[in-house]
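**Student:** Per this note's numbering, the sequence shown starts with residue 1, numbered consecutively.
Glycine included, C-beta positions come from ideal geometry on N, C-alpha and C.
Small disclaimer: the values here were computed from a predicted structure and weren't measured.
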Amino acid sequence: MSHYAHYEGQCAGRLLHFLSEYCRRDYDMVTFEGGGLISLRGAKFATYTWDAPMDGGRSDIPTFVFEKPIFNESQEHYKPILLSQEIKRKAWADEMKERCKA
């Protein structure tokens, strides 16, 4: 799991979490240009959109369209795995909140 995994909501941290899982690289030179455009070292790297929410709230799961097809293939492979981890992480966090209330 990436060191960006603790970010929640539609933010750069969430984007970096998924990027680092799909592409396995550091993103010290990434720029979020707005309108869903991501540049890496000044060149277009990918675009993204936020997935439709599953529970009526805002989704914080991005889908990318990468300039290099190999990263799109990686996303297709890893996204179901990451979504499964996200569901488990959320269930654990909800359980911890309930325990703290007691």
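Under 6 Å Cβ to Cβ from residue 47, same chain only, skipping five residues before and after it: list those, please.
**Tutor:** So the qualifying residues of the chain are 36, 37 and 65.
**Student:** Looking at residue 63: is its Cβ nearer than 9 Å to the Cβ of residue 50?
**Tutor:** The answer is yes: Cβ separation under 9 Å.
**Student:** Rounded to whole angstroms, what's the CA-CA distance from residue 20 to residue 11? Just pull it up for me.
**Tutor:** If I take the Cα positions, the gap works out to 15 Å.
**Student:** Measuring only the C-alpha atoms, how far is residue 68 from residue 29?
**Tutor:** Those two C-alpha atoms are separated by around 17 Å.
**Student:** What is the rounded straight-line gap between the Cα of residue 60 and the Cα of residue 8?
**Tutor:** Roughly 7 Å separates the two Cα atoms.
**Student:** Under DSSP, the beta strand (DSSP E) around residue 21 begins and ends at which residues?
**Tutor:** Element bounds for residue 21: not the beta strand (DSSP E) but the alpha helix (DSSP H), 12-23.
**Student:** Is it buried or exposed, residue 17, if we count other Cβ atoms within 10 angstroms and call 16 or more buried?
**Tutor:** Burial call: buried.
**Student:** Output needed for residue 83: all residues of its chain with C-beta closer than 8 Å, excluding positions within five of it in sequence on either side, in chain order.
**Tutor:** Cβ within range, chain order: 61.
**Student:** Based on DSSP bridge pairs, tell me the residues matched to residue 50.
**Tutor:** In DSSP, residue 50 forms a bridge with 62.
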